[in-house]
Amino acid sequence: MYGSTLMSVTNRDFPLHPYEVTKEFLSRCLGGQVMTFNVDNSMTAAGVLADAFRVMDIEYESGHTGPVSCFLKCTKEIPEVVEMCVSTGVYAKEVYFYSTLIDKVKEVIRVPNCYGIFKNEYDDECKEFCLVLEDFDESAWEPFEQIEKPMNYDDMINFMRDLGRFHSACWGEPVSASPGLGPFRAHWQSLNDDYWSDDGLTTWDQVLPKWEEVYGQPLLSMVEPSVADTIKKIAEIYKSDQARQIQDALIAEMQTRPRTITHGDARGNNIFKSKGDGSMGIIDWQMWVAGPASNEFGQVWLNSFGLESGMVHRLEELTNIYYQALTSKRPEIVEQYPFDVLLDDLKLLFVNIWIEYLGFTVGSIEGYKDPAQQQAKDNWEEMMKRNMETLHYSGCLQSFEAFIDRTNS
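With the sequence shown counted from 1, adding 3 to any position gets you the working numbering.
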């Protein structure tokens, strides 16, 4: 095992870009004198919140050994995204995970080993950081990619079972003052708080013209009219006089649910399958939070699958497989968090995270005007299309309207 001590420095001496990686830096992290290496940055565009690249073909001085590859994760190069991440603690939470929380989580689900954690000494927000992580290389792990190579049905069954066992093992997580462990709030909830501006406009009102400016077509033109109608109705609810109270009531209700640790970003790009036993490994621990198990499913489902996969229509079926794994060793959960309540909660949280996606779109879309970000721009377009389709076909509007009726009764 290689050291993962948190290294805080006054002057940055760690890489934030592929061209800054050196033999000396790698030698510090990997426990052997590195002589040569190559860098593959082909996956960088797929990272929404941070930049990541693989260091591979590592060769060591005679008598030295270490990993032949590793994975570096650093601050995103798009300034608008960095500001969003800093304001919501994304980078600080991932640094905390790999420096502190990993010892608990790795007992129940496979996560990358950490070889080095780097940040500036006085930068508590981790605006500049670098993680040196184990590479889930293709000789032992099959990577997924939610646009080009999503999980199939059998993969989803395995993943749901692993996710259920993970949540079960962390069940009953107490409230504390540590990052991510306070009273439940969805990771991007601050974006929802800013949904309404003083001039009466909402984030939705800002998204529509910005989207058409950057993408050259209306946002809702990507989906069928029935899907567009659902999205419009959600926007109307969030424009109503009751909107703030509805949002507050939703989060307050979720805070009454039993707590576990949720990864928070368990979408296709962050999942790997072991070629040995078929178990799943999860990377990107930057949006984790303690709260209801239902919080996990927004990122698992909302944009991991296109309609053609058929997976969007199997939400209840696959969630039930998850629930059987969740309760198999903790039968008391059946009473504490009944399946129908969990299923309804996750649909409510789909709506909640959709509002977060709108906020993130407003905050980051200007960066997609840069031609160098074309791939990231295209990925975001497809993800937003899938978000809208999944909201509609999962029946989220119906659950949301029923919740509002209960709240008003």
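Where a beta carbon is used, it is the ideal one built from N, C-alpha and C, also for glycine.
Item	Value
Helix, strand or coil at A53 according to DSSP, with G and I counted as helix	strand
Between the CA atoms of W214 and E221 - distance to the nearest angstrom	The question names Glu, yet the displayed sequence has Pro at residue 221. Going from the Cα of P221 to the Cα of W214 covers about 7 angstroms.
Reference G34; option with closest CA among A246, P70 and A296	P70
Three CB pairs or more closer than 8 angstroms across the segment 86–95 and the segment 134–150	no
Pick from K109, Y241 and W174 that is closest to E3, judged by C-alpha positions	Outside the shown range of the chain (4 to 412) lies residue 3, about which nothing can therefore be said.
C-beta contact flag for Y263 and E335 at 8 angstroms	Checking the displayed sequence, the identity of residue 263 turns out to be Thr instead of Tyr. Their beta carbons are not under 8 angstroms apart, which means T263 does not touch E335 by this criterion.
Rounded C-alpha distance that separates E62 from E27	13 angstroms
Length of the line joining the Cα atoms of D244 and D60	59 angstroms
Cβ-based burial, T103 [other Cβ within 10 Å; buried from 16]	exposed
Helix, strand or coil at M4 according to DSSP, with G and I counted as helix	Only weak support is given to the placement of M4: the predicted model assigns it a pLDDT of 39, under 50, and the value that follows is read from those uncertain coordinates. If DSSP states are grouped into helix, strand and coil, M4 belongs with coil.
Cut-off 6 angstroms between Cβ atoms - residues of its own chain near P261, not counting five sequence neighbours on either side	Q339 and Y340
Contact set for Q250: own chain, Cβ-Cβ below 7 angstroms, skip 5 residues either direction	N195
Per-residue DSSP class, three states only, for R113	strand
Selection from D202, G279 and Q378 that minimises the alpha carbon distance to D140	G279
Every unbroken alpha helix (DSSP H) within the segment 172–256, with a cutoff of 4 residues, ordered by chain	192–196, 206–218 and 228–242
Helix, strand or coil at S277 according to DSSP, with G and I counted as helix	strand
Close beta carbons around S229, own chain, < 7 angstroms, minus the five adjacent residues each side	H395
Whole-number beta carbon distance between R333 and V427, since they are thought to touch under 8 angstroms	Absent from the structure is residue 427, since the part of the chain shown begins at 4 and ends at 412.
Member of V98, G119, K79 and N14 whose CA lies at the smallest distance from the CA of L29	G119
Sequence-distant residues of its chain with Cβ nearer than 7 angstroms to A231 (five each side left out)	L223
Buried/exposed call for M4, threshold 16 Cβ in 10 Å	With a pLDDT of only 39 at M4, under 50, the local geometry of the prediction cannot be trusted, and no value is derived from it.
P295 - DSSP class collapsed to helix/strand/coil	coil
Option nearest P212 by Cα separation, candidates E97, E110 and V365	V365
Those residues which DSSP pairs with P146 across a bridge	F275
CB-CB length for L351 against S402, believed under 8 angstroms	6 angstroms
Residue-chain proximity (M59, chain B), Cβ-Cβ < 8 angstroms	The displayed structure is made up of one protein chain only, and chain B is not part of it.
Anticipated Cβ contact below 8 angstroms, F74 with L136, distance rounded	5 angstroms
Contacts around M159, its chain only, beta-carbon distance under 7 angstroms, and the 5 residues preceding and following it disregarded	M314 and L321
Supposed close pair T78, L134 - CB separation, criterion 8 angstroms	Actually they are not in contact, since the Cβ atoms of T78 and L134 sit about 11 angstroms apart, beyond 8 angstroms.
C-beta atoms of D138 and R57 nearer than 8 angstroms	yes
Three-state secondary structure assigned by DSSP to E64	coil
DSSP three-state assignment for L19, whether helix, strand or coil	coil
Segment contact, 8 angstroms Cβ cut-off, at least three pairs: the segment 184–198 with the segment 303–312	no
Three-way DSSP call (helix, strand, coil) for C129 in this model	coil
Nearest residue (CA-CA) to L318, options P295, A296 and L346	L346
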